[in-house]
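Student:
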Amino acid sequence: MPASEHAPKLLSEIFGFDAFRPGQQEIVEAVTRGDNVLAIMPTGGGKSLCFQLPALMRDGVTVVISPLIALMRDQVRALRAVGVEAGALTSGNTEEETETVWRALDEGRLKLLYIAPERLAAGSAMGMLRRINVSLIAVDEAHCVSQWGHDFRPDYLRIGELRKTLGVPLAAFTATADAETRDEIVTRLFDGVAPQTFLHGFDRPNIHLAFSAKNNPRNQILAVASARRGQSGIVYCGTRAKTESLAKALHQDGHSACHYHGGMMPDDRRTVESRFQREDGLIVVATVAFGMGVDKPDIRWVAHADLPKSIESYYQEIGRAGRDGAPAETMTLFGSDDIRLRRTQIDEGNAPPEHRNADHGRLNALLGLAEALECRRKTLLEYFGETDISCGNCDLCDTAPEVFDGTQHVRKALSAMLRTGEWFGSGHLIDILIGNETEKVLARGHNDLPTFGVGKEFSRPQWQAVFRQMMGHDLVRPDSERYGALRMTEAARPILRDEETIDLRRDTIRTATRRPAVKSLVSEEDAPLLSALKAKRRALSEAAKVPAYIVFNDRTLIEMAEVKPENLDQMAGIGGVGAKKLASYGDAFLEVINGAVQDLHPTRRKLAGRAAGPIYDQLLSAQADLARGVDGIDKPLSCTASVLAKVATLRPDDTAAMNRLLGERRSERFGAAFLDVLRTAG
6 MPASEHAPKL LSEIFGFDAF RPGQQEIVEA VTRGDNVLAI MPTGGGKSLC FQLPALMRDG
66 VTVVISPLIA LMRDQVRALR AVGVEAGALT SGNTEEETET VWRALDEGRL KLLYIAPERL
126 AAGSAMGMLR RINVSLIAVD EAHCVSQWGH DFRPDYLRIG ELRKTLGVPL AAFTATADAE
186 TRDEIVTRLF DGVAPQTFLH GFDRPNIHLA FSAKNNPRNQ ILAVASARRG QSGIVYCGTR
246 AKTESLAKAL HQDGHSACHY HGGMMPDDRR TVESRFQRED GLIVVATVAF GMGVDKPDIR
306 WVAHADLPKS IESYYQEIGR AGRDGAPAET MTLFGSDDIR LRRTQIDEGN APPEHRNADH
366 GRLNALLGLA EALECRRKTL LEYFGETDIS CGNCDLCDTA PEVFDGTQHV RKALSAMLRT
426 GEWFGSGHLI DILIGNETEK VLARGHNDLP TFGVGKEFSR PQWQAVFRQM MGHDLVRPDS
486 ERYGALRMTE AARPILRDEE TIDLRRDTIR TATRRPAVKS LVSEEDAPLL SALKAKRRAL
546 SEAAKVPAYI VFNDRTLIEM AEVKPENLDQ MAGIGGVGAK KLASYGDAFL EVINGAVQDL
606 HPTRRKLAGR AAGPIYDQLL SAQADLARGV DGIDKPLSCT ASVLAKVATL RPDDTAAMNR
666 LLGERRSERF GAAFLDVLRT AG
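Taking the numbering used here, the leading residue of the sequence shown gets 6, the next gets one more, and so forth.
Next comes the structure, spelled out in structure tokens:
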């Protein structure tokens, strides 16, 4: 069977999905053919399936090189849950786990072997990989090969040599869109020979995008969390201390919350990782150390208490929300101090000038997104080279911002900077603009400047908003050699000369008068059923000692709550319910939905969700009508359940074929009726 036909069948039967996500099928077919492949896909866009499915369709073992033990263990667990033989060789394995992997390899059963890149440094690794019949190498998080990336892993540089030594195709996957990084991947993994490259849309339409200027950020984060009480979320912070204080504040506000950062002991970090995977509704307040290993599909929201480092970092971090495709939300807080800090970090770093300039460009792109005056999705995706964009799922599409011509205000601010020699920060400059005679202003004679008091039409908070937006539009930057004093950039000169105008948002500081309404995943009518389904999932996951999403993810439970399947056949039509999960969990969830378990013969159960299932039912009905013959006076006769299943599955189309399946005596009684059933079924 060609891959184009076989892949959708496996997708449905094993993984429980009726269709590929956009772009997945062509990647699956290329990897299955044995092409060298580089796939750049959005975070949460279904990269893993693009090497897991080909692994099942190819002979031999697919070796998956992945950067984090937690990520490998989660993927292995999820594969085993759907009946796929997979294993990982990691430093975190118990002796028993390692022995199980070796036994499966020796017996030729294992299809996917996950290893960390560091294992390639061991002398024995190459011999082992030569021995186990590797037919494909898959590299997850391939951007780790980039020496200029913050996720650089030196051992990723060994993968190109491994590909040549084993002489097998390599498929590399990443969510990093940066062209420089892509070129580095081609050079280091594919020896400079361009692989078949797939660059897929970076839109995650289920994720709502929102930014807000900081105004008591702790209360802003508490409000975001309260509106999503009971839903799993991540709050990213710029400092370790803030993760601890904010987690404490969330805990005191009645949330299940914990902190995570690189300064914690390894055992404490592992405890948080494990809790986050297993617990519904846990909030982790973290630095970016809580990064690539986050592979939980039902994270419902991500908030940034501080501005991320770059637009790529922002994209990756918000991309950890809503990987199951169900609605997810983001909120990013930012202020002048964030911008100052990020500029200073770049200027004081050790990178060569061209890299510093590129980092300023990436930060500018993020600030452009933060200060955008129209659709955020459009601004974000245009950075990644996409132009055909529709949104309706960001704060600016929800409510158009109030905009005003800020040209004169910006010129006043620039004038105050230049007349003071670009030696001061925004606080002192605002004192000059609003005519505030502070000791510092009087001591330097700045009360005699022509700009003193020219900005009295705005309050201090409003001028702070103007300076923040000027920094966001890269009209001014902090000068690290002048203790953070603001200096003008070239981009500001046309505005100062009155050659260009600039629009600003009219920021007004409002105090929230009420808590935001709770965001619900389903209609009010279906909410109690979704809660009951989640409770059943929690009980099953705790009993099996696996994360809740290994049983079913949020999106699958949402569909169950909305569709309310009445039997196993209907349950099999729910996205994410494959054959193994239907057999393992179908009855338990049907009982929650319908209050009873469906009574089915074991043979019929095996046909649940397949086309043969309803045909089996019709054959059984036809057999019952003819059990004592046409006139109801003959000796009782019937076919076994397994024979009926064979007829339903093989669908013989003439009397001779039916005779071979049923035998002469049963074919004489049931053959014609069974053929009628099959013809009607088409």
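C-beta atoms are modelled at their ideal positions from N, C-alpha and C, and glycine is treated no differently.
#1: Considering only the beta carbon of each residue, do His148 and Thr186 sit closer than 8 Å?
#2: Quick one: using the 10 Å Cβ neighbour count with 16 as the cut-off for buried, is Leu295 buried or exposed?
#3: How is Phe281 classed by DSSP in three states: helix, strand or coil?
#4: Does the beta-carbon of Phe679 have 16 or more other beta-carbons within 10 angstroms, so that it is buried, or is it exposed?
#5: Which ranges does the alpha helix (DSSP H) cover as unbroken runs of at least 4 residues, wholly within the region 350-379, from first to last along the chain?
#6: In this structure, how does DSSP classify Cys263 when only helix, strand and coil are distinguished?
#7: So who's on the other strand from Tyr4, going by DSSP bridges?
#8: What residue from Arg609, His365, Val68, Asp311 has the CA that sits closest to Leu175's CA?
#9: For Leu118, which residues does DSSP report across the bridge?
#10: Closest to Thr425 by C-alpha separation, out of Asp410, Arg449, Gln413, Arg610, would be which residue?
#11: Please classify Asn558: is it buried, with 16 or more other beta-carbons within 10 angstroms of its beta-carbon, or exposed?
#12: Measuring straight from C-alpha to C-alpha, what distance separates Lys445 and Asp453?
#13: Determine the burial state of Met46: buried for a count of at least 16 other Cβ atoms within 10 Å of its Cβ, exposed for fewer.
#14: How far does the beta strand (DSSP E) with Arg510 in it reach, from first residue to last?
#15: Select from Gln575, His260, Gly581 the residue whose C-alpha is nearest the C-alpha of Arg615.
#16: Can you tell me the Cβ-Cβ gap for Ile226 and Gly327, rounded? I've got them flagged as a contact below 8 Å.
#17: Determine which residues share a DSSP beta bridge with Met493 and list them.
#18: With a CB to CB cut of under 7 Å and the five nearest residues on each side skipped, what residues in its chain are close to Tyr554?
#19: Note down the Cα distance separating Gly172 from Asp40, rounded to an integer number of angstroms.
#20: Going by alpha carbons, who is nearest to Phe207 out of Asp23, Phe389, His451?
#21: Assign Thr645 to one of three DSSP states: helix, strand, or coil.
#22: Please tell me whether Leu378 and Asp188 are closer than 8 Å, where the distance is taken between their beta carbons.
#23: To the nearest angstrom, how far is the alpha carbon of Arg108 from that of Gly92?
#24: How would you label Lys640, buried or exposed, when you count the other beta carbons within 10 angstroms and need 16 or more for buried?
#25: Do Ala331 and Arg124 count as a contact pair if the criterion is CB distance below 8 Å?
#26: Can you look up Phe56 in the DSSP assignment and give me helix, strand or coil?
#27: Alpha carbon to alpha carbon, how far is Asn220 from Thr335? Give it in angstroms, no decimals.
#28: Just tell me which of Gly28, Ala35, Leu58, Ser53 has its CA closest to the CA of Lys14.
#29: Is it buried or exposed for Ser481, if we count other Cβ within 10 angstroms and need 16 for buried?
#30: In angstroms, rounded to a whole number, what distance separates the CA positions of Thr95 and Ser261?
#31: Between the alpha carbons of Tyr708 and Cys396, how many angstroms are there, rounded?
#32: Which one of Val87, Val191, Met422, Ala629 has the shortest CA to CA distance from Phe178?
#33: Among the residues of its own chain, which have a CB less than 8 Å from the CB of Gly243, if the five just before and after it don't count?
#34: Beta-carbon separation of Gly556 and Arg542 under 8 Å?
#35: Consult DSSP for Gln80 and reduce its assignment to one of helix, strand or coil.
#36: Considering only C-alpha positions, which residue in the set Ala12, Leu43, Gly51, Thr37 is nearest to Pro27?
Tutor: Let's see:
#1: What you label residue 148 is simply residue 143 of the sequence shown in a count that begins at 1. What you label residue 186 is simply residue 181 of the sequence shown in a count that begins at 1. The answer is yes: Cβ separation under 8 Å.
#2: In the sequence shown, the residue the question calls residue 295 occupies position 290. According to the sequence as given, residue 295 is Phe; it is not Leu. With 16 or more Cβ atoms within 10 Å of its Cβ, Phe295 is classed as buried.
#3: As a position in the sequence shown, residue 281 is number 276, starting the count at 1. Here Phe281 sits in helix by DSSP.
#4: As a working note, residue 679 is residue 674 in the sequence shown. Buried, since its Cβ has 16 or more Cβ neighbours within 10 Å.
#5: 358-375
#6: Taking the sequence shown and counting its residues from 1, the one referred to as residue 263 is at position 258. Cys263 falls in the strand class under three-state DSSP.
#7: The displayed coordinates of the chain run from 6 to 687. Any statement about residue 4 would go beyond what the structure contains.
#8: Counting from one through the sequence shown, the residue named residue 175 turns up at place 170. When each option's Cα is compared against that of Leu175, the closest is Val68.
#9: Locating residue 118 in the sequence shown gives position 113, counting from the first residue. Leu118 is bridged to Val68, Gly92.
#10: Locating residue 425 in the sequence shown gives position 420, where the first residue counts as 1. Comparing Cα positions, the closest option is Arg449.
#11: Translated into the one-based positions of the sequence shown, residue 558 becomes position 553. Burial call: buried.
#12: Translated into positions along the sequence shown, residue 445 becomes position 440. Translated into positions along the sequence shown, residue 453 becomes position 448. Those two C-alpha atoms are separated by around 13 Å.
#13: The residue you call residue 46 lines up with position 41 of the sequence shown. By the 10 Å Cβ count, Met46 comes out buried.
#14: What you label residue 510 is simply residue 505 of the sequence shown in a count that begins at 1. Residues 508-510.
#15: On the sequence shown, residue 615 is found 610 positions in, with the first residue counted as 1. Measuring from the Cα of Arg615, the nearest candidate turns out to be Gln575.
#16: Numbered from its first residue, the sequence shown carries residue 226 at position 221. Numbered from its first residue, the sequence shown carries residue 327 at position 322. 19 Å between Cβ atoms; not a contact.
#17: Reading the sequence shown from its first residue, position 488 is the one you call residue 493. The partner list for Met493 (beta bridge, DSSP) reads Val481.
#18: For the purposes of this step, residue 554 is taken as residue 549 along the sequence shown, with counting starting at 1. Lys301, Pro302, Asp303.
#19: By 1-based counting over the sequence shown, the position of residue 172 is 167. By 1-based counting over the sequence shown, the position of residue 40 is 35. Those two C-alpha atoms are separated by around 12 Å.
#20: Along the sequence shown, one-based indexing puts residue 207 at 202. For Phe207, the nearest C-alpha among the options comes from Phe389.
#21: Position 640 of the sequence shown, counting from 1, holds the residue named residue 645. Here Thr645 sits in coil by DSSP.
#22: Here the question's residue 378 lines up with position 373 in the sequence shown. Here the question's residue 188 lines up with position 183 in the sequence shown. Going by C-beta atoms, Leu378 is not nearer than 8 Å to Asp188.
#23: Residue numbering aside, residue 108 sits at position 103 when the sequence shown is read from its first letter. Residue numbering aside, residue 92 sits at position 87 when the sequence shown is read from its first letter. Approximately 11 Å, taken between the alpha carbons.
#24: On the sequence shown, position 635 is the one that residue 640 refers to. It counts as exposed.
#25: In the sequence shown, the residue the question calls residue 124 occupies position 119. In the sequence shown, the residue the question calls residue 331 occupies position 326. No, the pair does not count as a contact, with Cβ atoms beyond the cut-off.
#26: Along the sequence shown, one-based indexing puts residue 56 at 51. Three-state DSSP puts Phe56 in a helix.
#27: By one-based count along the sequence shown, residue 335 stands at place 330. By one-based count along the sequence shown, residue 220 stands at place 215. In a straight line, the C-alpha of Thr335 is about 17 Å away from that of Asn220.
#28: Stepping through the sequence shown from its first residue, residue 14 is reached at position 9. The shortest Cα separation from Lys14 among Gly28, Ala35, Leu58, Ser53 belongs to Leu58.
#29: Here residue 481 refers to the residue found at position 476 of the sequence shown. Position check: residue 481 holds Val in this sequence, whereas Ser was assumed. The residue is buried, with at least 16 neighbouring Cβ atoms inside 10 Å.
#30: Mapped onto the sequence shown, residue 95 falls at position 90. Mapped onto the sequence shown, residue 261 falls at position 256. The alpha-carbon atoms of Thr95 and Ser261 are separated by roughly 31 Å.
#31: This structure cannot settle anything about residue 708, because the visible part of the chain is limited to 6 through 687.
#32: Start at 1 with the first residue of the sequence shown, and residue 178 comes out as number 173. Ranking the options by Cα distance to Phe178, first place goes to Val191.
#33: Your numbering for residue 243 matches position 238 in the sequence shown. Only Thr292, Ala310, Asp311, Leu312, Asp343, Leu346 meet the Cβ criterion.
#34: Looking up residue 556 in the sequence shown gives position 551. Looking up residue 542 in the sequence shown gives position 537. Reading off the sequence, residue 556 comes out as Val, not Gly. Taking 8 Å as the Cβ cut-off, Val556 and Arg542 qualify as a contacting pair.
#35: Translated into positions along the sequence shown, residue 80 becomes position 75. Reduced to three states, the DSSP call for Gln80 is helix.
#36: Counting from one through the sequence shown, the residue named residue 27 turns up at place 22. Of Ala12, Leu43, Gly51, Thr37, the residue nearest in Cα terms is Gly51.
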